[in-house]
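Trainee: This is the structure, below, for whatever I ask next.
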């Protein structure tokens, strides 16, 4: 494996207690330079989170980095208990089901994004939205996932933002990784906007939201914002977002009280998608 300078973060719900036989289910999140692993007990209680990322001076989707974690992380020793692998890319498109045709939808995606020859376009039904979610993923990454986790569902990270959508006014969901953000806006349960894109600051996210609101004649002050993240590192950005959205909540609807709250709520919401 090539040499990677990695950043590792660990959250243990029960302090330093060994997880051992209590680990009954696992989910994974793959982003272009990192991986999030969450373990759950037989009663669906979150036990721990392990997040590992590598520096931006290395190529995205480095297969040997992910393969090394797949084969060495203790939580992945029993691959049969991995229930879901969630993948995040910014090459996405949502198509209403009445307009959906596999061939045409893939053409539309290719017109909007640069879909490489090494990408595979995957489609997922969004039952609550009566739509399909398209995402282009490196084919080598998909093959590696399927080889290692044959029983796991493979889904977009953003899928939780369409799972039983909140019926409240201007409900805005933000999911942060170190380099990208997924934003989804519903009003009274109806999907208005979704975008996955790169960011470098809270101001970038705020600008894109306010730009959409301006184009759609929505007062940004009406947005009810919830936020999740992949690690404790995203807490700084979440804290900065409170300058613009003072009532921001964690993804599970609770107030932010600690650095891991965004990651904890993400783990819970993703696990609900495969439970």
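In the numbering used here, the protein residues as written are 17 to 291.
Every residue, glycine too, gets a C-beta built ideally from N, C-alpha and C.
Note that the structure is a prediction, hence the values are computed from the model and not measured.
Along the chain, where does the alpha helix (DSSP H) containing residue 255 start, and where does it finish?
Mentor: For the purposes of this step, residue 255 is taken as residue 239 along the chain shown, with counting starting at 1. Looking at the DSSP string, the run of the alpha helix (DSSP H) that includes residue 255 is 251-257.
Trainee: When you compare the segment 131-151 with the segment 78-88, are there three or more beta-carbon pairs, one atom per stretch, that lie closer than 8 Å?
Mentor: Output reads no: the segment 78-88 does not touch the segment 131-151.
Trainee: Taking residue 51 as part of the beta strand (DSSP E), name the residues at either end of that continuous run.
Mentor: Position 35 of the chain shown holds residue 51. Start and end: 50-56.
Trainee: Out of 26, 139 and 241, which has the shortest C-alpha to C-alpha gap to residue 263?
Mentor: The sequence position of residue 263 within the chain shown is 247, counting from 1. Among 26, 139 and 241, the Cα nearest to that of residue 263 belongs to 241.
Trainee: Considering Cα atoms alone, identify which of 76, 165 and 225 is closest to residue 190.
Mentor: Sequence index remark: in the chain shown, residue 190 carries index 174 (1-based). For the residues 76, 165 and 225, the minimum Cα distance to residue 190 belongs to 225.
Trainee: Would you call residue 239 buried or exposed, if buried means 16 or more other Cβ atoms sit within 10 Å of its Cβ?
Mentor: Translated into the one-based positions of the chain shown, residue 239 becomes position 223. By the 10 Å Cβ count, residue 239 comes out buried.
Trainee: May I have a chain-ordered list of the beta strand (DSSP E) segments no shorter than 3 residues that lie completely inside the segment 80-108?
Mentor: With a minimum length of 3 residues, the continuous beta strand (DSSP E) runs that stay inside the segment 80-108 are 98-103.
Trainee: Would you tell me roughly how many angstroms separate the C-alpha atoms of residue 272 and residue 163, rounded to the nearest one?
Mentor: Taking the first residue of the chain shown as 1, we reach residue 272 at position 256. Taking the first residue of the chain shown as 1, we reach residue 163 at position 147. Each residue's Cα considered, the two are about 38 Å apart.
Trainee: Quick check: the segment 39-51 against the segment 98-115, are at least 3 beta-carbon pairs closer than 8 Å?
Mentor: The segment 98-115, when compared against the segment 39-51, does touch it at the 8 Å Cβ threshold.
Trainee: Please confirm whether residue 246 and residue 50 have their CB atoms less than 9 Å apart.
Mentor: To locate residue 246, count along the chain shown from 1; it is residue 230. To locate residue 50, count along the chain shown from 1; it is residue 34. Contact flag set, yes.
Trainee: Using a Cβ-based criterion (distance less than 8 Å to any ligand heavy atom), does residue 175 qualify as near the ligand GTP?
Mentor: Here there are no bound small molecules, and the ligand GTP is not part of this structure.
Trainee: Could you check where the alpha helix (DSSP H) with residue 223 kicks off and where it finishes?
Mentor: In the chain shown, counting from the first residue as 1, residue 223 sits at position 207. Per DSSP, residue 223 belongs to the alpha helix (DSSP H) from 218-231.
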